[in-house]
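S.K.: Numbering (this note's numbering), first residue to last: 183 to 816. For each residue, glycine too, the CB sits at the ideal point set by N, CA and C.
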RNA sequence: GCCGCUGUGGCUUAGUUGGUAGAGCGACAGAUUUGUAAUCUGUUGGUCGUGGGUUCAAGUCCCACCAGCGGCUCCA
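Now the structure itself:
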């Protein structure tokens with residue numbers, strides 16, 4: 183968040199004169215000079231303040247004073263004029279009394295820091311005429327934006343935030359390995375033999391072992407496959423999705439949408455931006471460090487949502503809910519924004535703008551919570567199977583919850599057929615008492631969470647979500663947060679990284695067939711067979727198969743190469759032989775085989791591999807000669 | 001955000017101690033009409049991430065900024 187703007191000008195003399203009141207209650211004329219004039223060289227600092235309540239005030243004061251003092255030092259100046267100038271503000275200016283008190287604080291801080299300075303402050307809240315005569319040397323003009331470290335929180339609440347954060351930092355947790363047979367072992371005493379990725383995952387989570395230095399490998403792949411690319415014209419961490427990537431993204435999302443709908447969720451769409459002033463949101467924001475994008479509308483500030491919780495909780499809070507309607511499920515495919523620190527961004531693993539499926543459930547009690555958690559856990563697991571990535575699992579909960587529900591937890595993880603990382607907390611520092619995550623381990627040996635489900639015991643009260651029980655009493659329900667797949671972008675990252683690992687072991691990397699941008703590419707041996715090629719393409723398309731035709735005037739070898747470079751799962755070659763016999767030559771990527779078979783067999787194969795999965799159109803030209811090159815190699 | 005590394009045509013890249021950029025792929029034109037991972041010839045295209053500075057002269061040195069990556073921190 184912006185706290186204040188400084189414009190520093192080294193001037194030959196300076197003068198001002200008050201002409202009129204600019205606000206109802208300007209600063210008292212007893213306190214400051216109504217006019218002033220000097221011929222001596224001086225540094226004029228124009229200041230606007232843009233927030234009413236400055237978090238961590240001493241830090242901000244130190245920052246701005248350091249700026250001013252270093253500017254004075256750079257130009258060898260000891261005369262200083264502080265000049266309130268609201269017109270510098272880029273966002274909503276602070277209220278007058280808040281701004282004035284900040285200015286005064288800067289003045290006193292500067293005086294205390296250096297006795298030699300000759301400081302004059304111009305009066306606040308007046309229209310003034312002034313004369314400025316900029317010296318024009320390299321250091322004569324500079325401007326500085328002072329940014330806050332923490333959220334848009336009021337000063338008396340800063341303490342509360344700090345407390346929450348400190349609790350999080352000092353919360354004691356212990357790590358264990360829980361096996362499907364119910365055996366519990368300390369994470370550092372466990373035998374990881376045959377569990378290479380699990381070991382890497384545990385290391386990453388516990389020791390934070392991050393000694394690798396190679397860049398993430400999925401980045402090159404996502405470009406070469408023309409799925410996603412960087413966008414220089416945007417803020418870092420905001421990517422451009424290309425047509426082939428759109429298909430993948432769309433299908434990933436459609437699949438989650440379908441799952442959620444079948445699970446019985448109501449699907450909604452809620453706003454992207456929310457007011458800082460809303461009571462419930464204020465309380466929620468206090469828990470978290472400021473990582474928001476701020477959007478100005480008129481003279482009000484809004485933050486872009488960093489999760490879909492707000493919209494759905496506010497919707498639930500306005501609904502009249504009876505115990506008969508529980509569990510109440512609301513789902514949304516939501517674009518969210520988190521202004522992560524620059525150094526934290528990494529390809530599609532960590533972005534600033536991403537798309538998350540978010541499912542919230544209101545439930546009456548812990549029994550119902552466990553039942554829904556169980557179902558969502560299974561759905562998420564199914565999803566991980568469908569995108570064909572290997573996952574490592576973590577459960578995190580309070581020690582109390584584990585002690586009471588140990589058998590139930592063990593029954594859940596039987597599904598996974600492998601051990602999990604178990605993190606136990608002495609005290610609940612966050613809003614949840616239980617959560618699990620499915621993680622992928624990438625080629626850099628880093629882990630990233632995809633699916634997660636959490637049981638939330640705090641937010642129904644915070645957002646005033648209530649249901650009426652059988653006796654007519656209003657009750658705050660428990661809530662679950664569930665992301666079945668994790669963010670779409672991260673799913674793409676997970677699939678690509680998984681396939682790179684596969685290729686490192688000697689197999690060809692490939693997308694799950696239902697997710698391949700083009701499922702079939704047909705290569706006519708020469709242009710004489712284009713008509714035949716078109717017939718085949720049409721038949722495939724009638725079966726909802728995405729087909730493209732490489733009609734370019736290239737050697738067959740080169741067309742094969744081009745198709746392989748795009749990880750095309752099925753390549754069909756047609757020429758004289760195929761035309762005569764009415765069959766096609768098919769090259770299957772998954773097992774590196776070459777078959778001569780009837781087209782129906784190809785269709786049947788694809789259908790057998792993609793049943794129960796969503797389908798989508800090819801959203802780029804059918805003819806390769808009509809496809810522009812965005813970032814692919816051939 | 002802090003620290004470090006990197007940044008040459010759409011892509012991959014060469015460029016010695018500073019002397020006004022070489023190539024392959026692609027694209028385009030022509031030839032070729034091709035049977036399972038790169039057909040041949042030619043043409044086009046860069047002022048070297050951006051902005052300053054030092055110098056007779058900078059891709060090559062200095063400063064600032066931007067972007068990517070790595071580390072720290074963080075991951076609601």
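Can you check whether the CB of residue 660 is closer than 7 Å to the CB of residue 502?
M.R.: If you number the first chain from 1, residue 502 lands on position 320. If you number the first chain from 1, residue 660 lands on position 478. Not a contact, by the Cβ cut-off of 7 Å.
S.K.: Where residue 295 and residue 480 are concerned, what is the direct C-alpha to C-alpha distance, given to the nearest angstrom?
M.R.: What you label residue 295 is simply residue 113 of the first chain in a count that begins at 1. What you label residue 480 is simply residue 298 of the first chain in a count that begins at 1. The alpha-carbon atoms of residue 295 and residue 480 are separated by roughly 39 Å.
S.K.: Spell out the partners DSSP gives residue 186 in its beta bridges.
M.R.: As a position in the first chain, residue 186 is number 4, starting the count at 1. According to DSSP, residue 186 bridges with 231, 328.
S.K.: Please name the residue or residues paired with residue 483 in a DSSP beta bridge.
M.R.: Within the first chain, residue 483 is the residue found at index 301, counting from 1. The partner list for residue 483 (beta bridge, DSSP) reads 478.
S.K.: Buried or exposed for residue 187, please, with buried defined as at least 16 other CB atoms from any protein chain shown within 10 angstroms of its CB.
M.R.: Residue mapping note: residue 187 aligns to position 5 of the first chain, counting from 1. When all chains shown are included, residue 187 counts as buried.
S.K.: Expressed to the nearest angstrom, what Euclidean distance is found between the alpha-carbon atoms of residue 410 and residue 307?
M.R.: Working through the first chain from its first residue, we reach residue 410 at position 228. Working through the first chain from its first residue, we reach residue 307 at position 125. Between residue 410 and residue 307, the C-alpha separation is close to 51 Å.
S.K.: Taking the C-alpha atoms as reference points, what is the distance between residue 346 and residue 624?
M.R.: The residue labelled residue 346 in the question sits at position 164 within the first chain. The residue labelled residue 624 in the question sits at position 442 within the first chain. Any reading at residue 346 must be qualified, since the residue scores a pLDDT of 48, below 50, and its modelled position is unreliable; the value itself is stated next. Distance between the alpha carbons of residue 346 and residue 624 is about 32 Å.
S.K.: Please determine if the stretch 725-744 and the stretch 697-704 are in contact, where contact requires at least 3 C-beta pairs separated by less than 8 Å.
M.R.: A contact exists between the stretch 725-744 and the stretch 697-704.
S.K.: If I'm right that residue 486 touches residue 419 with Cβ under 8 Å, what's the distance once you round it to whole angstroms?
M.R.: Here residue 486 corresponds to residue number 304 of the first chain, with the count starting at 1. Here residue 419 corresponds to residue number 237 of the first chain, with the count starting at 1. No, residue 486 and residue 419 are not in contact; Cβ-Cβ is about 13 Å, not under 8 Å.
S.K.: Can you look up residue 767 in the DSSP assignment and give me helix, strand or coil?
M.R.: What you label residue 767 is simply residue 585 of the first chain in a count that begins at 1. Correct three-state label for residue 767: strand.
S.K.: Please go through the same chain and pick out, in chain order, the residues whose beta-carbon is closer than 7 Å to the beta-carbon of residue 348, but skip the five residues on each side of it.
M.R.: Locating residue 348 in the first chain gives position 166, counting from the first residue. Low local confidence applies: a pLDDT of 49 at residue 348 is under 50, so the model's placement there is unreliable, with the coordinate-based value given in what follows. Once the five neighbours on either side are set aside, residue 348 has no close Cβ partner at all.
S.K.: If you draw a straight line from the alpha carbon of residue 800 to that of residue 428, how long is it in whole angstroms?
M.R.: Stepping through the first chain from its first residue, residue 800 is reached at position 618. Stepping through the first chain from its first residue, residue 428 is reached at position 246. Roughly 10 Å separates the two Cα atoms.
S.K.: Assign residue 507 to one of three DSSP states: helix, strand, or coil.
M.R.: Along the first chain, one-based indexing puts residue 507 at 325. In the structure shown, residue 507 sits in a helix (DSSP, three-state: H, G or I).
S.K.: Given residue 601, which residues of its chain have a CB within under 6 Å of its CB, disregarding the five upstream and five downstream residues?
M.R.: To locate residue 601, count along the first chain from 1; it is residue 419. The answer, listed in chain order, is 359, 361.
S.K.: Tell me residue 404's beta-bridge partners as DSSP assigns them.
M.R.: In the first chain, residue 404 corresponds to position 222, counting from 1. Beta-bridge pairing links residue 404 to no other residue.
S.K.: Going along the chain, which unbroken runs of the alpha helix (DSSP H) with 4 or more residues stay wholly within the stretch 648-728?
M.R.: With a minimum length of 4 residues, the continuous alpha helix (DSSP H) runs that stay inside the stretch 648-728 are 670-686, 712-724.
S.K.: Measuring only the C-alpha atoms, how far is residue 333 from residue 640?
M.R.: For the purposes of this step, residue 333 is identified with residue 151 of the first chain, where counting begins at 1. For the purposes of this step, residue 640 is identified with residue 458 of the first chain, where counting begins at 1. Residue confidence for residue 333 is low, a pLDDT of 34 falling below 50, so the modelled location carries little weight; the figure read from the coordinates is stated next. Distance between the alpha carbons of residue 333 and residue 640: 20 Å.
S.K.: Determine contact between the stretch 661-670 and the stretch 434-446, defined as no fewer than three beta-carbon pairs at a distance below 8 Å.
M.R.: Yes: at least three Cβ pairs fall under 8 Å.
S.K.: With DSSP as the reference, label residue 453 as helix, strand or coil.
M.R.: Here residue 453 refers to the residue found at position 271 of the first chain. Looking at residue 453 - three-state DSSP - the assignment turns out to be coil, as it is neither helix nor strand.
S.K.: When the Cα of residue 570 is compared with those of 655, 465, 613, 684, which residue comes out closest?
M.R.: Working through the first chain from its first residue, we reach residue 570 at position 388. Minimum Cα distance to residue 570 is reached at 684.
S.K.: Using a 10 Å radius around the Cβ and a threshold of 16 neighbouring Cβ atoms, would you call residue 198 buried or exposed?
M.R.: By 1-based counting over the first chain, the position of residue 198 is 16. Burial call: buried.
S.K.: Inspect the beta-carbon positions of residue 433 and residue 798 and report whether they are closer than 7 Å.
M.R.: Position 251 of the first chain holds residue 433. Position 616 of the first chain holds residue 798. In this structure, residue 798 lies closer than 7 Å to residue 433 by Cβ.
S.K.: Applying the criterion that 16 or more other CB atoms from any shown protein chain within 10 Å of the CB defines a buried residue, is residue 321 buried or exposed?
M.R.: Here residue 321 corresponds to residue number 139 of the first chain, with the count starting at 1. With fewer than 16 Cβ atoms within 10 Å of its Cβ, residue 321 is classed as exposed.
S.K.: With a floor of 3 residues, list each beta strand (DSSP E) that falls wholly inside the stretch 546-599, ordered by position along the chain.
M.R.: Correct list: 574-580.
S.K.: Ignore the nearest five residues each way along the sequence and tell me which others in residue 747's own chain have a CB closer than 6 Å to its CB.
M.R.: Residue mapping note: residue 747 aligns to position 565 of the first chain, counting from 1. The answer, listed in chain order, is 815, 816.
S.K.: Count the C-beta pairs between the stretch 531-549 and the stretch 590-599 that are closer than 8 Å, then say yes if the count reaches three, no if not.
M.R.: These segments do not touch.
S.K.: Compute the distance between the beta-carbons of residue 314 and residue 223, then report whether it is under 7 Å.
M.R.: Numbered from 1 along the first chain, position 132 holds the residue referred to as residue 314. Numbered from 1 along the first chain, position 41 holds the residue referred to as residue 223. Their beta carbons are not under 7 Å apart, which means residue 314 does not touch residue 223 by this criterion.
S.K.: Alpha carbon to alpha carbon, how far is residue 777 from residue 806? Give it in angstroms, no decimals.
M.R.: Here the question's residue 806 lines up with position 624 in the first chain. Here the question's residue 777 lines up with position 595 in the first chain. So the alpha carbons of these two residues sit roughly 24 Å apart.
S.K.: Tell whether a beta-carbon distance below 7 Å holds between residue 560 and residue 617.
M.R.: Residue mapping note: residue 560 aligns to position 378 of the first chain, counting from 1. Residue mapping note: residue 617 aligns to position 435 of the first chain, counting from 1. It is not a contact, given that the beta carbons lie outside the stated cut-off.
S.K.: Taking the alpha-carbon of residue 267 as reference, which of 285, 258, 725 has the nearest alpha-carbon?
M.R.: Position 85 of the first chain, counting from 1, holds the residue named residue 267. When only C-alpha atoms are compared, the closest one is 285.
S.K.: Is the stretch 756-764 touching the stretch 647-659, taking contact as three or more C-beta pairs under 8 Å?
M.R.: No: fewer than three Cβ pairs fall under 8 Å.
S.K.: Is residue 308 helix, strand or coil when you go by DSSP?
M.R.: Start at 1 with the first residue of the first chain, and residue 308 comes out as number 126. Three-state DSSP puts residue 308 in a strand.
S.K.: Measure the CB-CB distance between residue 447 and residue 541 and report whether it falls below 7 Å.
M.R.: Taking the first residue of the first chain as position 1, residue 447 is located at position 265. Taking the first residue of the first chain as position 1, residue 541 is located at position 359. Yes, they are a contact pair.
S.K.: Give the straight-line distance between the Cα atoms of residue 680 and residue 626, rounded to the nearest whole angstrom.
M.R.: In the first chain, residue 680 corresponds to position 498, counting from 1. In the first chain, residue 626 corresponds to position 444, counting from 1. One C-alpha to the other measures close to 11 Å.
S.K.: According to DSSP, is residue 792 part of a helix, a strand, or is it coil?
M.R.: Here residue 792 is taken as the residue at index 610 of the first chain, counted from 1. Of the three classes helix, strand and coil, the one that applies to residue 792 here is helix, per DSSP.
S.K.: With a 10 Å radius around its C-beta and 16 neighbouring C-beta atoms as the bar for buried, classify residue 764 as buried or exposed.
M.R.: Your numbering for residue 764 matches position 582 in the first chain. Residue 764 should be labelled exposed.
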